[in-house]
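Below: the structure, in structure tokens.
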Amino acid sequence: MSPVRVRFAPSPTGMLHVGGARTALFNWLFARHNGGTFILRVEDTDNERNTPEANEAIFSGLTWLGLDWDEGPNRGGSRGPYRQSERSAIYESYLNKLKDAGLVYDDAGATRFRSPNTTRAIPDLICGETVFAGREEPDMTVRRADGSFIFHFVNVVDDIEMGVTHVIRGEDHLPNTPRHLDLYEAFGVTPPHFAHIPLILNPSGTKMSKRDEGASVAEYKNAGYHPQGVLNYLALLGWSPKEDREIFPTQELVSRFTLEGVNRGNAKFDLEKCAWISGQYFHVMEPAALREVVLPFLAASGLTSTEADLPDALLLELRTKIRTLSEAVPLLTALLRDDFPVDAAATAKLRAQSDPKPLLDALASAFQEVGTWQGSELDAAIGKAAEGLGTKKGALMFPCRVALTGQAGGFGLTMVLEQLGRERSLERLTRFS
RNA sequence: GACCCGUUCGUCUAGCGGUUAGGACACCGCCCUUUCACGGCAGUAACACGGGUUCGAUUCCCGUACGGGUCGCCA
């Protein structure tokens with residue numbers, strides 16, 4: 000079998016769509032698994048969409064996910080250029096082939112292809128043999144009156160020119176395939192293998208659109224999802240390693256990916272599970288690595304901080320509490336800023352229980368007696384305060400937490416106390432009223 | 001409307017003729033923790049329907065219903 004060559008051919012719409020990202024992922028996995036070549040080709044024949052920002056959205060999205068391309072924009076390759084807007088000469092020559100064969104005609108300035116409309120059987124690697132009986136569709140336009148070329152035409156020409164062996168694309172292209180086959184036949188070229196993958200649906204069951212939550216890869220990047228986690232989630236959406244396990248690091252996805260494992264049915268997108276998988280990756284992240292990714296996140300939220308503010312012990316606890324980096328911000332804000340925000344619901348709940356003042360005073364005086372400001376001693380001090388009040392230790396912890404952080408949840412209480420230090424802890428306890 | 005693809009817990013899925021229909025997210029309960037989580041354990045919850053084929057269908061075939069997609073001088 001000839002070496003595998005696959006491509007991801009997005010149109011610059013201004014964002015990298017999750018559906019597109021998964022198509023890219025499956026192509027990438029297939030290429031990497033088979034030691035083949037992954038090509039990125041930008042389908043920018045529609046000039047209105049072709050902006051530098053729109054191109055950049057594709058590149059940065061793929062790069063964030065770790066999907067590197069062997070040939071394509073910013074990378075080169077022997078079958079370029081890889082932007083359709085730069086391939087007009089190639090399209091001209093292919094169009095001439097059709098003209099010479101008398102297979103096209105002029106229609107109000109546009110060029111149409113005489114579609115044979117014969118019955119076409121597509122030996123799809125995922126859907127199985129799919130037969131489209133002879134159709135009665137209008138001849139397809141291959142070139143607009145303004146001289147630009149149409150998707151179906153350039154898509155086929157590029158796949159031929161770039162030596163694509165397997166076309167792995169969304170199932171929405173399946174009904175287009177007979178027309179593509181018409182073109183391959185007209186050019187006298189053996190078509191590539193086709194593999195149409197099922198679609199990603201939004202939670203309400205229709206094709207995921209730009210406006211749906213989680214539709215753009217940039218959203219995940221901005222919210223601080225773990226890129227490998229998102230990749231892992233996307234891989235499991237429509238493909239199964241057939242094992243009762245959810246976490247598959249990228250390298251393992253590569254070694255296990257096959258087209259046979261791709262499902263036929265569409266899959267609904269579940270942001271909750273995506274977040275859970277992302278969290279699984281953070282849960283095992285080394286402190287140094289976590290520090291590196293969380294610091295810029297804090298800075299972006301206007302939280303000036305340094306490495307010294309994030310000791311390993313704190314990060315080791317932080318990693319179990321977040322699914323995305325944005326979840327780390329409020330947690331850390333409470334420790335790093337003295338003008339931290341206060342959750343109204345938490346204070347309301349606190350006051351509904353009993354007057355917190357005497358409890359906090361008791362805690363403050365117990366903490367004052369602490370010798371070394373460290374876990375076990377702090378813990379003992381809370382016990383002592385509880386004893387003095389004739390109450391349970393647990394009864395003091397929620398009030399203490401709210402006074403110290405303004406939140407109902409967050410880090411373990413002794414961690415909060417340790418990080419805040421004696422002075423700031425006492426200050427917050429006495430200031431609370 | 002025509003043509004294609006599809007249909008296992010709410011969701012993602014395992015299953016490829018005989019299973020107590022398994023796992024995961026979410027949800028609920030318990031344990032751990034005198035806090036918040038993490039973690040561990042248990043639970044609720046699914047084969048769309050009707051015909052066949054077969055000793056036996058979630059698994060194979062045909063219908064029906066439902067869902068999705070495509071029918072552009074968008075990609």
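Numbering (numbering that gives the first Met the number 0), first residue to last: 0 to 432. Beta carbons are placed, not taken as given, at the ideal position from N, Cα and C, and that holds for glycine.
In the DSSP assignment, Tyr104 falls within the beta strand (DSSP E) that extends over 103 to 106. The stretch 219 to 231 and the stretch 274 to 289 touch, with three or more beta-carbon pairs separated by less than 8 Å.
Look at Ala120 here: in three-state DSSP terms it is strand. Counting along the chain, the unbroken alpha helix (DSSP H) around Phe58 starts and ends at 51 to 64.
Cβ-Cβ distances below 7 Å link Leu412 to Met396, Cys399, Arg400 in the same chain, with the five nearest sequence neighbours on each side left out; the list follows chain order. Taken in chain order, the complete beta strand (DSSP E) segments of 3 or more residues contained in the stretch 151 to 201 are 165 to 169, 192 to 196. Counting only runs of 4+ residues, the alpha helix (DSSP H) found wholly inside the stretch 205 to 280 occupies 216 to 222, 226 to 234, 249 to 255, in chain order. Non-local C-beta neighbours of Ile38 in its own chain, meaning closer than 8 Å and more than five positions away in sequence, comprise Arg4, Val5, Arg6, Phe7, Trp68, Asp69, Glu70, Gly71, Gly76, Arg78, Tyr81, Met161, Val163, ordered along the chain. In the DSSP assignment, Glu128 falls within the beta strand (DSSP E) that extends over 127 to 131.
An exposed status is given to Glu386, since fewer than 16 other beta-carbon atoms sit within 10 Å of its beta-carbon. Leu428 and Lys272 have their alpha carbons spaced roughly 38 Å apart. Around the CB of Pro310, fewer than 16 other CB atoms lie within 10 Å, so the residue is classed as exposed.
If the five residues before and after Gly65 are omitted, its C-beta is found closer than 8 Å to the C-beta atoms of Pro226, Gln227, Leu230, Thr249, all from its own chain and listed in chain order. The three-state reading of DSSP puts Ala299 in helix, counting H, G and I together. When DSSP reads this structure, Ile38 sits in a beta bridge with Arg6, Glu70. With fewer than 16 other beta carbons inside 10 angstroms of its own, Ala132 counts as exposed. In this structure, the alpha-carbon of Ala234 lies about 13 Å from that of Glu242.
In the structure shown, Ala345 falls within a helical segment according to DSSP collapsed to helix, strand and coil. When Gly301, Glu85, Ser300, Val293 are compared, the shortest CA-CA separation from Leu315 is found for Val293. Considering only Gly237, Leu200, Pro286, Trp238, the residue with the shortest C-alpha distance to Phe268 is Leu200. DSSP lists Gly71 as the bridge partner or partners of Gly75.
Residue range 109 to 112 is occupied by the beta strand (DSSP E) that includes Phe112.
Pairing Lys383 with Lys348, the inter-Cα distance amounts to about 24 Å.
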